[in-house]
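Working notes for the structure below.
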Amino acid sequence: MPRPLRQPLIAGNWKMNKTVSQAQAFVNHLREAVAGVNNVEIVVCPPFTALFSASQALKGSNIFLGAQNMYYYEKGAFTGEISPLMLQEAGCRYVILGHSERRAYFGEEDTLINLKVKAALRTGLTPIICIGEQLAEREAGKTKEVIQKQLAGSLAGLDSELYSKVVIAYEPVWAIGTGQNATAFEAQEVSNFIRGLLANNAGPSWAEKIRLLYGGSVKPANMAVFIKQPDIDGALVGGASLEAADFALIIKTVQEVISK
Ligand code: 13P
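The letter at position 19 of the sequence shown is residue 157 when you use this note's numbering, and the numbering goes up by one with no holes.
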């Protein structure tokens, strides 16, 4: 079961949830609950307003900080936007890019996501790039076509050695927030397809280093089956990352499975 090249990663995407004080309380609880975990990388992604105080509260812990979005310029006249540099200084190591909610509600497309991916990498942030098909696309047998297009678009023009620095999250849109997770078989099938595409683009040795996450109704009860899949290296968790106890249970489930 151990994957020598790829440390499992569990990231919590809080979406538009938690005020500064709520984030603080969560982080204090979580850091205690996962204090002994050393073989799983743990990331929490609060809203922008809570990033800095969360980073202060996470100091000295085994939990990293991520943001949920950013713009691709370092600074300038872009009212309402946040730059990679700002995230980095606020304590972020990760940034989620191209989440399906950004694509659906804010019109984000692959070209923009690609610019953001490159800006994140230039700044030393690790992008967690989200891709995934909608229900109608799956039912029409277009899953692989959609995945291929989103992956190629968001990684366009990237040097091979930068590939190993990105994380890809496969999040079928129909599984997000619905309680209807993909089966482990479905998630593994697409993850394996993604790794194959990465190998074609960057070469097999780089592709082997890239961590692939599954996202969509991940809960403590279903985490084990996902992490047992050979091409799934962790999860991007929405709803179940909002309760520290549930999120800690997901992390500990992964720890247990990979320690066997
Ligand atoms: P849920 O875990 O709530 O389905 O959300 C998944 C997600 O969108 C994580 O980015």
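Yeah, the Cβ is synthetic: ideal placement off N, Cα and C, and Gly gets one too.
The beta carbons of N207 and I234 sit about 7 angstroms from each other, so the pair counts as a contact at 8 angstroms. Within the same chain, and ignoring the five residues on either side of M361 in sequence, the residues whose Cβ sits closer than 7 angstroms to its Cβ are A373, I388, T391, V392. Within the chosen limit of 7 angstroms, the ligand 13P does not reach the beta carbon of A242 with any heavy atom. In the three-state reduction of the DSSP assignment, I266 falls in the strand class, which pools E and B. For V395, the CB contacts under 7 angstroms within the same chain, skipping 5 residues up- and downstream, are M139, A362, I365, K366 in chain order.
With a threshold of 7 angstroms, the Cβ atom of G214 does not count as near the ligand 13P, since no heavy atom of the ligand is closer than that. Of the candidates T316, K256, K197, F202, K256 places its Cα closest to the Cα of S221. The Cβ atoms of P265 and A258 sit closer than 8 angstroms to each other. According to the DSSP assignment, L296 belongs to no beta strand (DSSP E), since it is labelled neither H nor E. Separation of I332 and T321 (C-alpha to C-alpha, rounded to the nearest whole angstrom) is 17 angstroms. Between A161 and A192, the beta carbon gap of about 5 angstroms places them in contact (Cβ cut-off 8 angstroms). Contact annotation: C230 and L263 have beta-carbon atoms nearer than 8 angstroms. Taking the C-beta atoms as reference points, Y232 is found no nearer than 8 angstroms to A325. Relative to the ligand 13P, even the nearest heavy atom lies 7 angstroms or more away from the CB of S397. The residue from R240, C268, Q145 with its alpha-carbon nearest to that of E309 is C268. With contacts defined as CB atoms closer than 8 angstroms, K347 and L143 qualify as a contacting pair. Of all alpha-carbon atoms in A386, E227, Y211, V165, the one lying nearest the alpha-carbon of G198 is that of V165. At the C-beta level, L223 and L203 stay beyond 8 angstroms of one another. The closest heavy atom of the ligand 13P lies 7 angstroms or more from the beta carbon of I370. Around the CB of S329, 16 or more other CB atoms lie within 10 Å, so the residue is classed as buried. In this structure, T261 is the residue among V304, T261, F385 with its C-alpha nearest to the C-alpha of Q226.
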